[in-house]
Structures are given as C-alpha cells and as structure tokens.
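If you're matching them up, the sequences are chains A and B in order. Residue numbering for the first sequence follows our numbering, starting at 1 and increasing by one per position. Residue numbering for the second sequence follows our numbering, starting at 405 and increasing by one per position. Ideal Cβ placement from N, Cα and C applies to all residues, glycine included. Here the structure is a predicted model, which means the values were calculated and not measured. To keep things clear, I will list the structure first and then write my remarks on it.
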Amino acid sequence: MRSVCVVGASLAGSRAAQTLRSEGFDGTITMVGEEPHRPYDRPPLSKQVLAGDWQPERTALSAGLDDGLDLDWRLGVRATGLDLTARRVSLADGTAVAYDGLVIATGATPRRLAGTEDMAGVHVLRTVDDCLALRADLDRAPLRVVVVGAGFIGAEVAATCRRRGIEVTLVEALSVPLGRVLGTEIGSLCGELHRDHGVDLRLGTGVEGMDGADRVERVRLADGSAVDADAVVVGVGVTPATGWLEGSGLVLDDGVVCDETCLAAPGVVAAGDVARWTHAHVGEAMRVEHWDNAVQQGAHAARRLLAGEGPGAGQPYCPVPWFWSDQYDRKIQLAGRAGLDAEVAVVMGSLSERRFVALYGRDGQVIGALAMNWPAQAVRWRVRIADGVAWDDALTEARAGDRP
Amino acid sequence: MSPEVAVDRDRCMGSGNCAFHAPGTFDLDDDLKAVVVDAAGDPADALARAVEGCPTAAITVTPGGEREAPVEPDG
Numbered sequence: 001m002r003s004v005c006v007v008g009a010s011l012a013g014s015r016a017a018q019t020l021r022s023e024g025f026d027g028t029i030t031m032v033g034e035e036p037h038r039p040y041d042r043p044p045l046s047k048q049v050l051a052g053d054w055q056p057e058r059t060a061l062s063a064g065l066d067d068g069l070d071l072d073w074r075l076g077v078r079a080t081g082l083d084l085t086a087r088r089v090s091l092a093d094g095t096a097v098a099y100d101g102l103v104i105a106t107g108a109t110p111r112r113l114a115g116t117e118d119m120a121g122v123h124v125l126r127t128v129d130d131c132l133a134l135r136a137d138l139d140r141a142p143l144r145v146v147v148v149g150a151g152f153i154g155a156e157v158a159a160t161c162r163r164r165g166i167e168v169t170l171v172e173a174l175s176v177p178l179g180r181v182l183g184t185e186i187g188s189l190c191g192e193l194h195r196d197h198g199v200d201l202r203l204g205t206g207v208e209g210m211d212g213a214d215r216v217e218r219v220r221l222a223d224g225s226a227v228d229a230d231a232v233v234v235g236v237g238v239t240p241a242t243g244w245l246e247g248s249g250l251v252l253d254d255g256v257v258c259d260e261t262c263l264a265a266p267g268v269v270a271a272g273d274v275a276r277w278t279h280a281h282v283g284e285a286m287r288v289e290h291w292d293n294a295v296q297q298g299a300h301a302a303r304r305l306l307a308g309e310g311p312g313a314g315q316p317y318c319p320v321p322w323f324w325s326d327q328y329d330r331k332i333q334l335a336g337r338a339g340l341d342a343e344v345a346v347v348m349g350s351l352s353e354r355r356f357v358a359l360y361g362r363d364g365q366v367i368g369a370l371a372m373n374w375p376a377q378a379v380r381w382r383v384r385i386a387d388g389v390a391w392d393d394a395l396t397e398a399r400a401g402d403r404p
Numbered sequence: 405m406s407p408e409v410a411v412d413r414d415r416c417m418g419s420g421n422c423a424f425h426a427p428g429t430f431d432l433d434d435d436l437k438a439v440v441v442d443a444a445g446d447p448a449d450a451l452a453r454a455v456e457g458c459p460t461a462a463i464t465v466t467p468g469g470e471r472e473a474p475v476e477p478d479g
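See below:
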C-alpha cells in the first residue's frame, strides 16, 4: 500500500492519518475535506465558541497544525463519487484521487425542517461556520431564540444562550426530552434542568412552520401556539453523509456498513459518525456519533487498513461508547448504552441532588452507566462495563460503595 | 527513566477519559479535574491513548530521557 486517501478532514479522518503515520506508514496520505478549514474540534462549538469565550482558532486539532505528518491537503472540495474497482475518488472540482487504501470519514449532515432551509435566521449547528453564523445572530441583542429539539445539541445551545442572558424557548416533539435515549425518569430530570434556568420548555409538540418577511420572526407549533423568534436553532439529529457513495457498490444503510473490523470493502475502511459496524461483543450493528468514537474508530480504521486484505486480517472494534454533555452547571457522562427498553437503577447519589450514577441493564448485564456531576464514577463504571458486569453484582457493589 | 506527565488544569474539563485509559497514571480530584498520581503508572501505549483521548488536549508528556541522559548501571 503506497497511498491512502482520507475523505473527511475532521476528527476521525485526522486520527486515522495520525495513526497511519505513528504506525510507520510512509506513503502518500491525501486528506479531502468539504470544509475549507483545517481539522478542528466540534464539542466547543455549542459551548465556549458559541458563548463567545473562545475564538474558533482555539479549536484547531493537532493533525491540522502538524506539518510533520506530511499530509496532502485537498480542502474546500467535496468528494462526489467512488470507483471501487479503479480505486479512485472523484471530487467536485473534476479531479480525482487514486488510492490503494481509503478511509471514509465524511461524518453526518444536520437535518433541517422542510420549508425553512433557506430562511434567514434559521440555523443548524455542525460546522464552525454554522457556529459563527449563529453567534453573529446571538450578538444582536435583545433576542429571543427558539431551539427545536431537546437532544444534546439543542440542550447545550439552550444552556449557552441562557448564560448569555437570551430568552429561550425549547421545543421538543417527545413528551420527555432524551426519553428514548436515557429513559423517562432521567430524561424528565434533563427537562427540569432547563426549566430551572428559565427556559420556556414546550414538550410533546412539533413545529408546524415558520413565518417571517426577510428572516424568521415566528415559529408556529403543532399545538396551535406560536412563539416569536429572532433566531431559530434546529437540532433534530443528523444523517450520515453517504450521498457521494450512492451506486459505488458499498452497502449503505444509515451509514457505511462495515464488518466487525471497520472494513467496508477490500482496501476501504470507515470511521466516525458515518460508519455502521457490527460490534462483536454486543452482537449488533451500531453507529456512534460521539467525539470519543471518532478518535478511537479513526485510529482503529487506520490500523485495519495497514493489516492488509488477507482472510482474518484486523482486529474487531469493540469499544464501550462514551460521551459527555455540559449543560448549565451539570456534566452528564454516559458510558456504554442506555435506551428506553433498558432497566434503570439509580445506584449512587440521587436525582433530587442532581449528582448521581444510574446503571442501565439488559438480559442480566449492565450495558450502560450515566453519571451526573460525578466523573470519577463515570470512569469506574466504564471500566466495569468494558470488563463485563452482571446486573445483580453491580447493584450490590454500587450500593455497598455509595460514598462520595 | 519515566516520562514527565502534566495536566493543564485550565484546559482540563474533567472528562475522565485519561483515568479510563491510564488508570495507574491519572485520577480525578474533588474539583473534577485530572491529576497525575504516578507518571510511570501505565505502559507507554496506555499513556498514549490517554493523551490522544483527552477532549481538550490538556495532557503533555515529556519523554524522560530528553532532559538529561540517565546513567545506566551495568548489569
């Protein structure tokens, strides 16, 4: 293998490139990125950068600064197609990149609400340019912001806006924010956090439409009410960016379908938000949109590529998914998986003091642990889940050790 | 000679990722920030995962041999 093309110049792609080099690959690495920017980190965009505390330069990732990696940058140009047989990626500017190995790390695209795609003042938050456009609107005080979707992005944007003294209405179609992800009880608590900080939380109603002359002025809700808005942020999830792979022969099903090792086809691996792989320990296909997964899967995919194409090559990718969310003065960390159908038990602390550990279980095993403002316990349970721990043993162990 | 490991407390956001990857090296203190408990507490690959897994790039590792060459005893 003499040349690798990495499509997607963000976190997963950067980590793949860094890992290729640290593992001794000395061939050509071409980094193709749709955005004009060198790789940067996205978590601060909904927090420090949106708040105005950081300038965007501070989010730069080391792979973008380190010329020692000897990367061939093709930024500001989108990949438009893939020829698996010829091993060639075609780009929007009419050129093509030939490769021996391909890393697909094109991430995901935020969903928008039909009819509002081109309306001024209606934002999504994914890229640094999205963030700066929204921040420019937030700088025009006084302001009322409507956030659509009380998932993690919406919740963090609401919290950042409140910190800036901006009136926020948070609209969520589900009756419990994050209910499908975290369960009813903990999801309800997340809703209370918003109300405690002065957010007008509207649950169980969708958005009917938006009105405005030159820009958005009002959001009409499905329950018949309307909310005035100077700016709207839509945080209703993302779609894996696989459009450029249609017809390539790769299997696409809510992401690029990979085997247990992150291999999608001979010489082709995928990592980050775009990759759907089979988790060998869990026995299910999954796609994970977290920062930590982009880091680990990017590195894993690079090693997989270097392992070659023979039978049995490469190791299965079996992480304990892990993420965090900072909202107001609370830090939420989830190790493993949760879900509405999981059993939930608060084993340390309490919901009322808003410092607790909750375990999620299924089939007699602990599958996830959520810690609010308790990072040391988040780490502890992440280790236990990685090792595998029975539900009953975990409850006994946790309650015996319920001391701060 | 063991490496020097430092955590920038202004950058640290208390993810705990370092303590997961390199539990012998890092712990979290009462301010929910990472502290180094033993710079030689983990193998080099675990330490490397902790460094690259830090969401705020708050960990720096200085290889031990760089500051002054250690004198190795015979045998």
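{"Asked": "Gly209(A), enclosing beta strand (DSSP E) - first and last residue", "Found": "Val207 to Asp211"}
{"Asked": "Endpoints, the beta strand (DSSP E) within which Ser350(A) is located", "Found": "Glu343 to Ser350"}
{"Asked": "Chain B contacts made by the region 271-293 of chain A, where a contact means CB separation under 8 Å", "Found": "Trp291 and Asp292"}
{"Asked": "Straight-line Cα distance separating Val103(A) from Arg380(A)", "Found": "33 Å"}
{"Asked": "8 Å Cβ cut-off: residues of chain A touching Gly457(B)", "Found": "Asp292, Val295 and Gln296"}
{"Asked": "Enclosing alpha helix (DSSP H) for Ile153(A) [first to last residue]", "Found": "Phe152 to Arg163"}
{"Asked": "Chain A contact residues for Ala461(B), given Cβ-Cβ distances below 9 Å", "Found": "Asp41, Leu61 and Ser62"}
{"Asked": "Reference Gly267(A), options Ala16(A), Leu305(A) and Pro110(A), closest by Cα", "Found": "Leu305(A)"}
{"Asked": "Ranges of the beta strand (DSSP E) found wholly within the region 256-312 of chain A, counting only runs of at least 3", "Found": "263-265, 268-270, 275-279 and 284-286"}
{"Asked": "Among Glu57(A), Leu71(A) and Gly33(A), nearest to Pro44(A) - alpha-carbon criterion", "Found": "Glu57(A)"}
{"Asked": "Straight-line gap, Leu392(A) to Leu359(A) (C-alpha atoms, nearest Å)", "Found": "Strictly speaking, residue 392(A) in this sequence is Asp, with Leu absent from that position. Cα-Cα distance, rounded: 11 Å."}
{"Asked": "Chain B residues whose Cβ lies nearer than 7 Å to that of Trp54(A)", "Found": "Chain B residues near Trp54(A): none, gap ~11 Å exceeds 7 Å."}
{"Asked": "Spatially closest choice to Val347(A) from Trp374(A), Lys331(A) and Met210(A), by CA coordinates", "Found": "Trp374(A)"}
{"Asked": "Beta-carbon proximity list for Ala120(A), same chain, < 6 Å, skipping 5 on both sides", "Found": "Arg215"}
{"Asked": "Coil, strand or helix - Gly336(A) by DSSP", "Found": "strand"}
{"Asked": "Buried/exposed call for Ser352(A), threshold 16 Cβ in 10 Å", "Found": "exposed"}
{"Asked": "Minimum Cβ-Cβ distance from Arg220(A) to chain B less than 8 Å", "Found": "no"}
{"Asked": "Cutoff 8 Å: Arg304(A) Cβ touching any chain B Cβ", "Found": "no"}
{"Asked": "Candidates Asp26(A), Val389(A), Ala241(A) and Ala92(A): closest to Asp72(A) by CA position", "Found": "Asp26(A)"}
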